[in-house]
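What follows is a single structure, written as structure tokens, with notes after it.
Protein chains: 2
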Amino acid sequence: MTFRSTPESPIDAISRGVPLFQRVAIIGLGLIGGSVGLACRARRLAKEVRGADHDPGHRAQAIALGCVGEAFEDSAAAIDGADLVVLAIPVGEIPRVIQGIAAHLPPGAVVTDVGSVKGSIAATMERLLPGGKAVPGHPIAGRELSGPMAASAELFVGAKCILTPIPTTDPVALERVRGLWTAIGADVLEMSPERHDEIFAAVSHLPHIVAYALMGTIVDLSEDGQDLHEFAAGGLKDFTRVAMSHPLMWRDICLANRQQILEMIRRFQSALSRLMSMISAEDGEGLYRQFARARTVREAVGRVKGAGNRTRSDE
Amino acid sequence: MTFRSTPESPIDAISRGVPLFQRVAIIGLGLIGGSVGLACRARRLAKEVRGADHDPGHRAQAIALGCVGEAFEDSAAAIDGADLVVLAIPVGEIPRVIQGIAAHLPPGAVVTDVGSVKGSIAATMERLLPGGKAVPGHPIAGRELSGPMAASAELFVGAKCILTPIPTTDPVALERVRGLWTAIGADVLEMSPERHDEIFAAVSHLPHIVAYALMGTIVDLSEDGQDLHEFAAGGLKDFTRVAMSHPLMWRDICLANRQQILEMIRRFQSALSRLMSMISAEDGEGLYRQFARARTVREAVGRVKGAGNRTRSDE
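Chain order of the listed sequences is A and B. Using the working numbering, the letters of the first sequence correspond one by one to residues 24 to 338. Using the working numbering, the letters of the second sequence correspond one by one to residues 24 to 338.
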């Protein structure tokens with residue numbers, strides 16, 4: 024048996040009807056923030072759930088839909104008395120918001136986030152949030168729609184949630200954040216922020232950038248006077264879905280995970296150049312081999328339990 | 024009124040219960056060939072439908088499922104007495120098969136195909152099939168599954184079918200092939216083989232090659248010891264579907280539409296390099312503009328009636 028710093032696990036506490044948190048403050052009431060609120064309230068994980076959002080429409084919708092009990096314009100006001108703060112805002116805004124709330128954080132309040140890039144956020148948290156209460160996280164969930172209207176209490180059921188503790192993270196804080204995600208249905212994994220960013224540069228960031236480049240090519244052709252839309256139902260359609268993700272979110276991801284993404288694009292360019300050379304040289308055998316090899320990814324993905332059961336575009 | 028070389032249109036004839044063809048011979052009893060057979064028989068468009076396939080399993084299944092009444096190993100035997108021959112075989116096999124059947128074609132038999140590349144096939148037909156009976160075609164339909172077991176009489180309902188007549192194509196032959204596709208539910212368009220190949224290099228061939236290059240990158244990383252499959256449910260998933268298309272079919276398409284595809288890859292590479300430079304230079308504004316611009320493709324595709332209602336991977 025290993026020593027446990029908590030007298031009982033968060034999940035045990037929930038099963039006895041004890042809320043995990045007294046007051047959860049969600050900064051950012053979009054799809055993810057709204058869904059965290061709904062999920063916490065539906066499962067009675069907190070005595071109180073409040074939120075903050077700059078957009079008055081989001082605040083009104085989040086209250087009307089029951090994502091939060093109260094909604095503030097000011098993040099510092101929202102975190103008053105909170106023992107958990109969830110930052111559900113675009114990656115690029117996280118440093119500024121942490122800077123804004125750091126001085127107002129109640130002692131002991133745990134801070135987590137849902138950003139798709141972890142290295143830069145972990146570094147910011149390490150610098151601005153001493154005391155061990157910072158637990159960087161990334162729930163792998165999303166929908167094509169955004170905003171609180173698209174929120175669902177079940178969004179995270181069966182989804183993976185990756186926590187990337189930093190050297191200063193207090194084990195109790197980590198355990199509490201793990202308890203939250205587990206309780207709202209996610210499958211929690213732990214890894215380093217660097218490993219997270221390396222994996223997601225490959226499986227998520229690169230595919231999105233490639234889809235954007237492909238859409239850019241088609242838009243360029245259209246601007247050259249080619250009307251291709253009528254024929255775009257085929258291979259292109261799958262890419263248009265990926266490229267519908269939020270431009271702002273992807274701008275932030277590109278900037279925050281710059282080095283890993285550039286490295287992945289370089290690897291991709293080599294693979295594409297190889298195919299180009301084969302096409303150019305009419306190397307049918309080589310092309311066949313490369314195309315057949317690509318199928319192994321799909322087959323491997325198919326073997327991973329639960330993969331591909333949901334629509335997730337913003338990961 | 025325009026002069027009509029047919030006394031009545033094929034569709035008028037069908038509506039009076041007159042079959043369009045006496046004997047249809049389908050060379051290649053896979054998904055598309057099998058579906059053409061089922062669709063013709065379900066709608067009584069031909070007095071008789073027969074087929075040919077090298078694979079004895081395909082022949083047995085096509086007969087058992089009712090795709091054809093009779094199935095031959097030898098294409099020349101299958102076309103005996105046919106007034107329509109449909110070549111439903113991989114693009115790369117078409118020249119060889121045309122060479123094999125040309126001497127055995129009944130006089131007056133119309134020949135069409137379903138290949139995804141039209142320029143090279145049109146050239147082969149022009150050379151080997153004099154007499155005006157050749158009508159190159161491309162129904163835009165497919166499924167993730169292949170083989171006669173996946174065939175459906177409704178596969179072409181609502182799908183586009185592009186006919187690319189060559190200078191020698193007899194208007195009556197063209198009208199009869201148009202009648203066939205219209206009768207089985209397709210929306211028939213006409214354009215030159217060159218225009219077809221230019222459009223499909225952009226909307227179908229390029230996306231498939233990009234998906235293959237992306238899968239190749241992921242496979243390379245896996246071979247370097249990175250197990251990414253567990254995380255591949257996101258952006259990557261849409262690409263794995265595209266990359267599941269048949270390696271043989273895509274090898275043939277790459278070889279047959281080589282120049283147009285290389286040109287499209289070059290355009291794509293420029294678009295990707297532009298994004299790379301922006302990421303490298305931390306040009307957030309430029310990235311945002313490019314990402315926002317990509318959404319216009321999806322919006323335009325959404326406006327085209329019927330686009331994206333079906334699962335089509337092999338176009």
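Note that beta-carbon positions come from the ideal geometry of N, C-alpha and C, so glycine has one too. Source: prediction; values computed, not measured.
- Contact residues of the stretch 254–280 of chain B toward chain A are PHE254, ALA255, ALA256, GLY257, GLY258, LEU259, LYS260, ASP261, PHE262, THR263, ARG264, VAL265, ALA266, MET267, PRO270, LEU271, TRP273, ARG274, CYS277 and LEU278 (C-beta to C-beta distance below 7 Å).
- Within the stretch 225–249 of chain B, those residues whose Cβ lies closer than 9 Å to any Cβ of chain A are, in chain order, ALA225, VAL226, SER227, HIS228, LEU229, PRO230, HIS231, ILE232, VAL233, ALA234, TYR235, ALA236, LEU237, MET238, GLY239, THR240, ILE241, VAL242, ASP243, LEU244, SER245 and GLN249.
- Every beta strand (DSSP E) stretch that sits fully inside the stretch 127–159 of chain A and reaches 3 residues is listed by chain position as 133–136.
- Taking CB atoms only, GLY181 (chain A) has no neighbour in chain B less than 8 Å away.
- By the beta-carbon neighbour count (other beta carbons within 10 angstroms, threshold 16), GLN84 (chain A) is buried.
- Short of 7 Å from the beta carbon of ILE112 (chain B), and not among the five residues preceding or following it, lie these beta carbons of its own chain, in chain order: ILE50, GLY51 and VAL120.
- If you check each beta-carbon in the stretch 300–313 of chain B against every beta-carbon of chain A, the ones closer than 7 Å belong to ILE302, SER303, GLU305, GLY307, LEU310, TYR311 and GLN313.
- Shown here, HIS161 (chain A) sits in a strand according to DSSP, grouped into three states.
- Residue environment: ARG67 (chain A) is assigned as exposed (fewer than 16 neighbouring CB atoms within 10 Å of its CB, all protein chains considered).
- For SER296 (chain B), the number of other beta carbons within 10 angstroms of its own is below 16, and it is reported as exposed.
- The beta carbon of VAL320 (chain B) sits closer than 8 Å to some beta carbon of chain A.
- Interface residue (Cβ-Cβ distance to chain B less than 8 Å): ALA294 (chain A) is classified as such.
- The shortest C-alpha to C-alpha distance from ALA105 (chain A) to any of A:LEU88, A:PHE44 and A:GLY123 is the one to A:PHE44.
- In the DSSP annotation of this structure, the continuous segment of the alpha helix (DSSP H) that includes ILE124 (chain A) starts and ends at 117–124.
- Taking C-alpha positions only, HIS161 (chain A) is separated from GLY202 (chain A) by approximately 14 Å.
- When the five nearest sequence neighbours on each side are left out, no beta carbon in the same chain lies closer than 6 Å to the beta carbon of GLY307 (chain B).
- Using a CB distance cut-off of 8 Å, ILE207 (chain A) does not count as an interface residue toward chain B.
- Per DSSP, reduced to three states, the secondary structure at CYS63 (chain B) is helical.
- ALA315 (chain B) is positioned such that its CB atom lies closer than 8 Å to that of PRO270 (chain A).
- Sequence-distant partners of ALA209 (chain B) (beyond 5 residues in either direction) whose C-beta falls short of 7 Å from its own C-beta, in its chain, are PRO162, PHE179, ALA182, LYS183 and CYS184.
- Chain-order list of chain A residues neighbouring ILE284 (chain B): ILE302, by C-beta distance under 7 Å.
- Here VAL233 (chain B) carries a helix assignment [DSSP, helix/strand/coil].
- Here the alpha carbons of HIS127 (chain B) and ILE102 (chain B) stand approximately 8 Å from one another.
- If you draw a 10 Å sphere on the C-beta of GLN122 (chain B), you find fewer than 16 other C-beta atoms in it, and that means exposed.
- The distance from the Cβ of VAL242 (chain A) to that of VAL320 (chain B) is about 6 Å, consistent with a contact at the 8 Å cut-off.
- Where GLY80 (chain A) is concerned, the enclosing alpha helix (DSSP H) starts and stops at 79–87.
- Ranked by Cα distance from THR192 (chain B), the options B:ALA146, B:ALA164, B:GLU177 and B:ALA234 are led by B:ALA146.
- Distance from the Cα of PRO118 (chain B) is smallest, within the candidate group B:GLU286, B:MET301, B:MET214 and B:ALA279, for B:ALA279.
- Taking the beta carbon of ARG316 (chain B) as reference, the chain A residues within 8 Å of it are MET238, GLY239 and VAL242, listed in sequence order.
- Sixteen is the threshold: when 16 or more other Cβ atoms of the shown chains lie within 10 Å of the Cβ of GLU221 (chain A), as they do, the residue is buried.
- The beta-carbon distance between GLY53 (chain B) and GLY74 (chain B), rounded to whole angstroms, is 10 Å. This is too long to meet the 8 Å contact definition.
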